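These notes concern the structure reproduced below.
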DNA sequence: GCTCGTGGTGTTGTACACATCATTGTTCGG
DNA sequence: CCGAACAATGATGTGTACAACACCACGAGC
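Residue numbers (this note's numbering), protein chains in the order written: chain R, 39 to 267; chain G, 39 to 267.
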């Protein structure tokens with residue numbers, strides 16, 4: 039997404055996509071933590087538009103489960119209870135396995151380059167853990183992996199579910215319910231394992247590794263909730 | 039969240055849901071065939087609201103892939119090419135199997151009653167096939183089946199994918215690329231088989247039957263496209 | 001006769017003012 | 001002193017006028 043987006047085209051749809059991506063990223067990277075109230079007027083001013091087109095973006099984010107608007111009160115970043123999260127995670131790792139079976143494509147040279155860059159970033163974070171960089175890496179790596187499938191509907195669904203759950207997991211990490219250094223280490227190993235599977239051309243295995251890591255990261259998070267209520 | 043929603047509350051959200059459901063049904067039942075242009079003004083007048091809230095509904099339908107708005111031209115009911123349809127169908131019958139594994143719940147008495155009514159309607163359609171009634175039955179039966187799972191995210195996804203694909207299949211049927219009488223007969227057998235699986239409590243089997251029928255109906259449709267280009 | 005330019009018409013997208021709703025602080029009555 | 005009604009405030013939702021844009025028909029020029 040947002041490949042080049044020639045800036046000489048401030049068309050309506052492009053503006054929409056840009057605003058949507060920006061706000062979504064802020065929510066998922068916890069710049070807007072769950073429970074935060076978003077000011078329509080302030081956001082509209084920031085993007086240099088009126089409330090009308092901005093509200094369209096917020097409505098979309100609400101349909102994706104990231105926001106909730108209440109008449110007369112405000113629009114808030116949603117939080118999710120552990121029960122709903124469990125269902126979503128269960129679905130997510132089943133879909134990860136599906137991704138390996140349906141429309142898996144071998145990475146091209148550009149993707150390899152991105153993977154190498156991501157791996158390097160991961161090593162750096164392991165040396166010096168930093169919450170924000172870790173969150174960004176996590177998201178960028180997920181988006182890179184998505185380029186391995188050509189089943190568009192499946193890709194869309196996985197993306198939506200990822201954006202819906204990742205901030206909750208990140209919140210757990212940042213609140214030290216999970217140790218950041220440990221998590222960075224584990225994630226670095228995940229990257230390593232998946233890339234090795236990709237190198238020998240076994241996309242199926244890569245998908246299974248991803249599935250396993252999604253499952254385990256949820257389990258760790260659940261433990262975090264149990265030990266520190 | 040939305041605990042009781044008393045129906046004496048024509049609140050903003052209820053109006054939205056109602057308009058959304060109505061237009062979506064019209065699209066899926068081919069009252070608005072693919073390619074049709076929808077008039078914002080006419081629809082707004084019909085629902086007794088201004089363009090603003092109606093546009094919110096249309097934007098949602100666009101995000102669900104049922105509409106496409108083009109600046110200065112109009113908003114049109116989308117059509118899908120056979121390639122995209124193949125991917126979606128592949129995903130749909132994989133998800134049908136998933137539904138059997140994840141969060142399957144036994145039907146309660148109310149659902150049994152609905153199933154019996156649906157079965158009766160099916161028998162009637164077999165006797166006297168009628169396109170519109172067949173389409174409605176198909177949709178109602180699907181919605182009833184959805185009540186067998188309690189994994190909300192999965193349910194939402196299956197629903198969206200169903201609404202996205204079913205009108206294309208119905209179009210094939212109505213254009214006589216597929217024989218309506220045959221299709222009614224096959225569908226009646228699907229209902230029969232699934233209900234029998236449910237009666238003995240084998241939700242797993244019911245899901246597999248559904249999966250098989252989704253797969254086969256797509257195959258028949260593909261044949262229809264091949265034999266009559 | 002053909003082509004290119006140009007205005008007309010109808011559509012979606014935007015800005016802004018106002019209606020509606022929920023919260024909160026205040027004030028009056030007990 | 002306490003409680004309830006009420007006005008003030010600020011948020012989202014709606015209505016309306018206007019801008020931006022695309023298509024089409026008409027006509028002037030070559």
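Where a beta carbon is used, it is the ideal one built from N, C-alpha and C, also for glycine. Keep in mind it's a predicted model, so treat the numbers as computed, not measured.
* To do: State the Cα-Cα distance for the pair residue 114/R and residue 100/R, rounded to the nearest angstrom.
  => Distance between the alpha carbons of residue 114/R and residue 100/R: 9 Å.
* residue 113/G at chain R interface by Cβ criterion, 8 Å -> Contact of residue 113/G with chain R is not assigned, every C-beta pair being separated by 8 Å or more.
* Asked: Which residues in the same chain have their Cβ closer than 7 Å to the Cβ of residue 259/G, if we skip the five residues on either side of it in sequence?
  -> Contacts found: 207, 210, 216.
* Nearest-angstrom Cα separation, counted from residue 77/G out to residue 65/G -> Straight-line measurement puts the Cα of residue 77/G at about 14 Å from the Cα of residue 65/G.
* Buried versus exposed, by CB contacts within 10 Å (16 or more), residue 255/R -> Per the 10 Å Cβ criterion, buried.
* Asked: Does the separation of the CB atoms of residue 129/R and residue 192/G fall below 8 Å?
  -> Yes, the Cβ-Cβ distance between residue 129/R and residue 192/G is below 8 Å.
* Within the segment 79–142 of chain G, note down every full beta strand (DSSP E) run reaching 3 residues or more, in order along the chain. => If we require 3 residues or more, the beta strand (DSSP E) runs fully inside the segment 79–142 of chain G come out as 105–108, 112–115.
* To do: Please decide whether residue 94/R counts as near chain G, where near means a Cβ-Cβ distance under 8 Å.
  => At least one beta carbon of chain G lies nearer than 8 Å to the beta carbon of residue 94/R.
* To do: Establish whether the CB of residue 101/R and some CB of chain G are separated by less than 8 Å.
  => By this cut-off, residue 101/R is an interface position.
* For chain G, find out if any of its Cβ atoms is closer than 8 Å to the Cβ of residue 109/R; answer yes or no. => Contact of residue 109/R with chain G is assigned, a C-beta pair being separated by under 8 Å.
* **Backbone secondary structure at residue 75/G - three-state DSSP** => Residue 75/G falls in the strand class under three-state DSSP.
* **Segment contact flag, the segment 143–161 of chain R with the segment 94–110 of chain R, C-beta cutoff 8 Å, min 3 pairs** => Under the three-pair Cβ rule at 8 Å, the segment 143–161 of chain R does not count as touching the segment 94–110 of chain R.
* **Min CB distance residue 126/G to chain R below 8 Å** => Contact of residue 126/G with chain R is assigned, a C-beta pair being separated by under 8 Å.
* Beta-carbon separation of residue 162/G and residue 136/R under 8 Å? -> In this structure, residue 136/R does not lie closer than 8 Å to residue 162/G by Cβ.
* To do: Give the single residue among 71/R, 90/R, 238/R whose Cα lies nearest to the Cα of residue 80/R.
  => Looking only at 71/R, 90/R, 238/R, the smallest Cα-Cα distance to residue 80/R is reached by 90/R.
* Whose Cβ in chain R lies nearer than 7 Å to the Cβ of residue 195/G? -> Here the neighbours are 195.
* Interface residues of chain R around residue 98/G at Cβ under 9 Å? -> Residues of chain R passing the Cβ test: 97, 98, 101.
* **Beta-carbon proximity check, residue 190/R vs residue 102/G, cutoff 8 Å** => Cβ distance not < 8 Å, so residue 190/R and residue 102/G don't count as in contact.
* Asked: For residue 58/G, which of 177/G, 223/G, 94/G, 212/G has the nearest alpha-carbon?
  -> Comparing Cα-Cα distances from residue 58/G to each of 177/G, 223/G, 94/G, 212/G, the minimum goes to 94/G.
* At least three beta-carbon pairs within less than 8 Å, the segment 167–185 of chain R to the segment 167–186 of chain G -> These segments do not touch.
* **Top-ranked residue by Cα proximity to residue 86/R, from 197/R, 53/R, 201/R, 166/R** => Out of 197/R, 53/R, 201/R, 166/R, 53/R has the C-alpha closest to the C-alpha of residue 86/R.
* **8 Å Cβ cutoff, residue 43/G in contact with chain R** => Because residue 43/G sits at a pLDDT of 37, beneath the cut-off of 50, its placement in the model cannot be relied upon, and the following sentence gives the value as read from the coordinates. With respect to chain R, the C-beta atom of residue 43/G has no partner C-beta closer than 8 Å.
* In whole angstroms, what separates the C-alpha of residue 202/R from that of residue 84/R? -> Rounded to the nearest angstrom, the two C-alpha atoms are 24 Å apart.
* To do: For chain R, find out if any of its Cβ atoms is closer than 8 Å to the Cβ of residue 189/G; answer yes or no.
  => Residue 189/G belongs to the set of residues whose beta carbon lies under 8 Å from a beta carbon in chain R.
* To do: Could you tell me the boundaries of the alpha helix (DSSP H) in which residue 157/G lies?
  => Under the DSSP assignment, residue 157/G falls in the alpha helix (DSSP H) whose first and last residues are 147–165.
* To do: Using a Cβ cut-off of 8 Å, pull out every chain G residue sitting near residue 50/R, in sequence order please.
  => Within 8 Å Cβ-Cβ: 109.
* **Same chain, Cβ closer than 6 Å to residue 49/G, five either side skipped, listed in chain order** => Close CB contacts of residue 49/G within its chain, under the 6 Å cut and outside five residues either way in sequence, are absent.
* To do: Tell me whether residue 198/G counts as near the ligand COA, meaning its Cβ is closer than 7 Å to at least one heavy atom of that ligand.
  => Among the components modelled here there is no ligand, and therefore nothing to report on the ligand COA.
* To do: For residue 159/R, collect the residues of the same chain with a Cβ closer than 7 Å to its Cβ; drop the 5 residues on either side in sequence, then sort them by chain order.
  => Only 175 meet the Cβ criterion.
* For residue 122/R, return the contacting residues in chain G, with the cut-off set at a CB-CB distance below 9 Å. => Taking a Cβ-Cβ cut-off of 9 Å, the neighbours of residue 122/R in chain G comprise 190, 191, given in sequence order.
* Compare the C-beta of residue 104/R against all C-beta atoms of chain G and say whether one is closer than 8 Å. => With a threshold of 8 Å between beta carbons, residue 104/R makes no contact with chain G.
* Return no unless some Cβ of chain G is closer than 8 Å to the Cβ of residue 86/R. => No, because no Cβ of chain G sits closer than 8 Å to the Cβ of residue 86/R.
* Under a CB-based cut-off of 8 Å, is residue 132/R close to chain G? -> Yes, residue 132/R counts as interfacial toward chain G.
* Whole angstroms is fine: what's the gap from residue 96/R's alpha carbon to residue 156/G's? => About 39 Å.
* Less than 8 Å separating the beta-carbons of residue 263/R and residue 229/R? -> A distance of 8 Å or more separates the beta carbons of residue 263/R and residue 229/R.
* Could you say which of 71/R, 197/R, 88/R lies nearest to residue 126/R if we only look at CA atoms? => Of the residues 71/R, 197/R, 88/R, the one whose Cα lies closest to the Cα of residue 126/R is 197/R.
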